[in-house]
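Undergrad: One structure, pasted below without further comment.
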Amino acid sequence: MKQLFKVCTIAAVVAASFTTASVSAAEEAVTQILFKNVNIFNGIDNKLYKNSHVLVEGNLIKSISTKDIKVNSDAMVIDGAGRTLMPGLIEGHGHINMNGSSLADIENNRSWEELASRGVAKADMYFKNGFTSWRDAGGMATGLKKTIDAGLLNGPRIYPAGAFIGPTGSHADFRNYTTPNETVYGANSAGSRLGMTFTADGVDMIKTAARQNFMQGATQIKIMSSGGVASAFDPWQLDAYSATEIQAAVEVADAYGSYVMAHSYSKKSIMRNLENGVKTIEHGFMFDAEIAELMEEKGAYMTTNMHAFSPYLGQIEAISSSPAAARKAASAQAAFGDFVENVNKYQPKFGFHSDCVGGVDSCQKQTAYEMSISAELLGNFFTLKSLTSVNGEILALSGDVLNPYPEGKLGVVAKGAYADLLLVDGNPLEDITVIGADPQWFDAKTREAGDIKTMRIIMKDGKIYKNTL
Ligand SMILES: [Zn+2]
Numbered sequence: 020m021k022q023l024f025k026v027c028t029i030a031a032v033v034a035a036s037f038t039t040a041s042v043s044a045a046e047e048a049v050t051q052i053l054f055k056n057v058n059i060f061n062g063i064d065n066k067l068y069k070n071s072h073v074l075v076e077g078n079l080i081k082s083i084s085t086k087d088i089k090v091n092s093d094a095m096v097i098d099g100a101g102r103t104l105m106p107g108l109i110e111g112h113g114h115i116n117m118n119g120s121s122l123a124d125i126e127n128n129r130s131w132e133e134l135a136s137r138g139v140a141k142a143d144m145y146f147k148n149g150f151t152s153w154r155d156a157g158g159m160a161t162g163l164k165k166t167i168d169a170g171l172l173n174g175p176r177i178y179p180a181g182a183f184i185g186p187t188g189s190h191a192d193f194r195n196y197t198t199p200n201e202t203v204y205g206a207n208s209a210g211s212r213l214g215m216t217f218t219a220d221g222v223d224m225i226k227t228a229a230r231q232n233f234m235q236g237a238t239q240i241k242i243m244s245s246g247g248v249a250s251a252f253d254p255w256q257l258d259a260y261s262a263t264e265i266q267a268a269v270e271v272a273d274a275y276g277s278y279v280m281a282h283s284y285s286k287k288s289i290m291r292n293l294e295n296g297v298k299t300i301e302h303g304f305m306f307d308a309e310i311a312e313l314m315e316e317k318g319a320y321m322t323t324n325m326h327a328f329s330p331y332l333g334q335i336e337a338i339s340s341s342p343a344a345a346r347k348a349a350s351a352q353a354a355f356g357d358f359v360e361n362v363n364k365y366q367p368k369f370g371f372h373s374d375c376v377g378g379v380d381s382c383q384k385q386t387a388y389e390m391s392i393s394a395e396l397l398g399n400f401f402t403l404k405s406l407t408s409v410n411g412e413i414l415a416l417s418g419d420v421l422n423p424y425p426e427g428k429l430g431v432v433a434k435g436a437y438a439d440l441l442l443v444d445g446n447p448l449e450d451i452t453v454i455g456a457d458p459q460w461f462d463a464k465t466r467e468a469g470d471i472k473t474m475r476i477i478m479k480d481g482k483i484y485k486n487t488l
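So the sequence shown is residues 20 to 488, counted in my numbering.
Written out as structure tokens, the structure is:
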């Protein structure tokens, strides 16, 4: 009873610290939370470290031990009772503020305040489902990030790419068929006015666009270096940016100590991006032995939306609403036949990527399904690693200067790492559904955000946001 009271008291203090920005640094510094009797999935190893104790001090993990850890008299003690303590989940490629039913819907039917308020709801949903960090792959998000960091909204730590940059007619070109392309900002497109997309051709325009993104708070640059499926003007086979154009983006990112992430499908495009300094290949569906070798040589990563291999892919509204996109999706799926086999064989550095551009309910379902199909095709451990330590490494590529969270590592349970932690019932290495994965996609039951009963505690930055123990 006494301990329960103590837990409640400290929980109240923790909760109060969200609303009282004036809590002194000294008061916060002494906050200790001890997780006793937990099995640790550390984000890196294919095993659980049994019967362990983890001490969180302030916003970082202070120590990990199988022996008792001494704590202050006012420390909060949580008995994990053999549950699994693991890193908070990290989205490696999402679009938090892109939340219409299709690219055309976002371009034509949504005002900025509707997109923004839907973005808030989406950030809240992902956070309640255990996503404590988020790499945004383009379409604004620097403003939402600042608002979350200021403590005004709950949500993940965001690493925004700002507006994605692509050439005329590319995957980043949201204009209508007859819209003139007047400037680097594509002044007549809603997407470009909102800072969601840049249509940029040639070295100078690409450099300006990349610099503008950094000026507005981007932590990395996203280029649309090949065609895609859900966009209007481009075949997915398109090798969209030339070597010198890719180099221009990489040169600006280098100058900021950061990196370029490139949307890239075809082999030619993937190789060209890697050869010219791109650090993360997005989608990368033509991945094979030669690409694996070059990725290793360059220390590059790949993130892939595994739901692209689903038999249900055609039911995504952005695809089902467009016969042209449906045809593109079918030809792409046919061409990417060896991807899964190659990833399992060559084991690239691979980040989790759900790539949802829809609303709250559709993204919740898509992300739960993405975890499930990834585990089914690539294994539970590979998927869990992609959701935690590998995506943590990818976030750190934004460099010492631009990384907004430089105090510790993300995506691992390790001494000195950020205390972004989940406590879950069961063992996710054996059963991926305990972190919310769902083998059903469009047929899945609609659930309330955060209604994952096996996810008992969500902690971010040393603060507890959910506790159902
Ligand atoms: Zn994307």
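Just so you know, even glycine gets a beta-carbon here, dropped at the ideal spot from N, CA and C. The structure presented is a predicted model; accordingly, all values stated were derived computationally and were not measured.
In chain order, what residues of the same chain have a beta carbon less than 7 Å from the beta carbon of D15, not counting five sequence neighbours either side?
TA: No answer is possible for residue 15: the residues shown for the chain start at 20 and end at 488.
Undergrad: Going by C-alpha distance, which of I240, K165, Q235, H190 is nearest T218?
TA: The option with the nearest alpha carbon to T218 is H190.
Undergrad: Which residues mark the beginning and the end of the alpha helix (DSSP H) in which G411 is found?
TA: It spans 408-415 - the alpha helix (DSSP H) in which G411 sits, taken as one unbroken run.
Undergrad: Tell me the DSSP bridge mates of W153?
TA: Its beta-bridge partners are E110, I177.
Undergrad: Please report the Cβ distance between V359 and F400, rounded to the nearest whole angstrom; I am assuming they are in contact, meaning their Cβ atoms lie under 8 Å.
TA: Contact doesn't hold; Cβ gap of about 16 Å is too wide.
Undergrad: Assuming R475 and D444 make a contact with CB atoms under 8 Å, what is their CB distance in whole Å?
TA: Yes, they are in contact, since the Cβ atoms of R475 and D444 sit about 6 Å apart, within 8 Å.
Undergrad: Would you call the CB atoms of Q51 and A100 closer than 8 Å?
TA: Not in contact: Q51 and A100 (Cβ atoms no closer than 8 Å).
Undergrad: Counting along the chain, where does the alpha helix (DSSP H) carrying G210 start and finish?
TA: It spans 209-212 - the alpha helix (DSSP H) in which G210 sits, taken as one unbroken run.
Undergrad: Report the partner residues of M280 according to the DSSP bridge assignment.
TA: The partner list for M280 (beta bridge, DSSP) reads K241, T299.
Undergrad: Please specify which runs of the alpha helix (DSSP H), each continuous and at least 4 residues long, are wholly inside the region 296-359, giving them in chain order.
TA: Correct list: 308-317, 336-339, 342-354.
Undergrad: Expressed to the nearest angstrom, what Euclidean distance is found between the alpha-carbon atoms of A433 and N56?
TA: Roughly 16 Å separates the two Cα atoms.
Undergrad: Could you check if K404 is buried or exposed, using at least 16 other CB atoms within 10 Å of its CB as the buried criterion?
TA: Buried, since its Cβ has 16 or more Cβ neighbours within 10 Å.
Undergrad: Would the beta-carbon of A251 be found less than 7 Å away from any heavy atom of ligand 1?
TA: No, the Cβ of A251 stays beyond 7 Å of every heavy atom of ligand 1.
Undergrad: Ligand 1 and H112: does the residue's C-beta get closer than 7 Å to at least one heavy atom of that ligand?
TA: Under cutoff, so the answer is yes.
Undergrad: Short check: CB of A249 to CB of A343, under 8 Å?
TA: Taking 8 Å as the Cβ cut-off, A249 and A343 do not qualify as a contacting pair.
Undergrad: Taking the alpha helix (DSSP H) that E467 falls in, what are its first and last residues?
TA: Looking at the DSSP string, E467 is not in any alpha helix (DSSP H), and its letter there is neither H nor E.
Undergrad: Could you pull the start and end residues of the alpha helix (DSSP H) that T166 belongs to?
TA: Where T166 is concerned, the enclosing alpha helix (DSSP H) stretches over 161-168.
Undergrad: Within 10 angstroms of its Cβ, does Q266 collect 16 or more other Cβ (buried), or is it exposed?
TA: Per the 10 Å Cβ criterion, buried.
Undergrad: Could you tell me the alpha carbon to alpha carbon distance between I392 and H326, rounded to whole angstroms?
TA: If you take the alpha carbons of I392 and H326, they lie about 7 Å apart.
Undergrad: Alpha carbon to alpha carbon, what distance is there between I167 and S41?
TA: At S41, the pLDDT of 42 sits below 50, so the modelled position is not reliable and the matter cannot be decided from this model.
Undergrad: Can you name the start and end residues of the beta strand (DSSP E) that E76 belongs to?
TA: First-last of the beta strand (DSSP E) with E76: 68-76.
Undergrad: Whole-angstrom Cβ separation of K384 and F461, contact assumed at under 8 Å?
TA: Yes, K384 and F461 are in contact; Cβ-Cβ is about 7 Å, under 8 Å.
Undergrad: Should N70 and L448 be called a contact, given that it needs their Cβ atoms to be closer than 8 Å?
TA: Taking 8 Å as the Cβ cut-off, N70 and L448 do not qualify as a contacting pair.
Undergrad: Sort out for me which residues DSSP pairs M105 with in a bridge.
TA: Partner(s): L441.
Undergrad: Could you tell me if T407 is buried or exposed, where buried requires 16 or more neighbouring beta carbons within 10 angstroms of its beta carbon?
TA: With 16 or more other Cβ atoms within 10 Å, it is buried.
Undergrad: With distance defined between alpha-carbon atoms, name the residue in A337, I471, I97, G411 nearest to S152.
TA: Of A337, I471, I97, G411, the residue nearest in Cα terms is G411.
Undergrad: Just checking my contact of L416 with Q239 at CB under 8 Å: how many whole Å lie between their CB atoms?
TA: Contact holds; Cβ gap of about 7 Å.
Undergrad: With DSSP collapsed to three states, give me the class of T218.
TA: Reduced to three states, the DSSP call for T218 is strand.
Undergrad: Go through its chain and collect everything with a Cβ distance to L172's Cβ below 8 Å, but skip five positions before and after it.
TA: Contacts found: V139, A142, D143, L163, T166.
Undergrad: Straight-line CA distance for S277 to L313?
TA: Rounded to the nearest angstrom, the two C-alpha atoms are 20 Å apart.
Undergrad: Would you call E46 buried or exposed, if buried means 16 or more other Cβ atoms sit within 10 Å of its Cβ?
TA: Since pLDDT at E46 reaches only 45, below the 50 mark, its modelled position is unreliable, and the value read off the structure follows with that caveat. With fewer than 16 Cβ atoms within 10 Å of its Cβ, E46 is classed as exposed.
Undergrad: How should Q334 be labelled, buried or exposed, when 16 other C-beta atoms within 10 angstroms of its C-beta is the threshold for buried?
TA: Looking at its Cβ environment, which holds fewer than 16 other Cβ atoms inside 10 Å, Q334 is exposed.
Undergrad: Identify the residues that DSSP records as bridge partners of G418: which are they?
TA: Per DSSP, none; premise fails for G418.
Undergrad: For the pair the region 457-472 and the region 125-139, tell me if three or more CB-CB distances fall below 8 Å.
TA: The region 457-472, when compared against the region 125-139, does not touch it at the 8 Å Cβ threshold.
Undergrad: For V409 versus G370, is the C-beta spacing smaller than 8 Å?
TA: Their beta carbons are under 8 Å apart, which means V409 touches G370 by this criterion.
Undergrad: Establish whether the CB of Y365 and some CB of chain D are separated by less than 8 Å.
TA: Of the protein chains in this structure there is only one, and it is not chain D.
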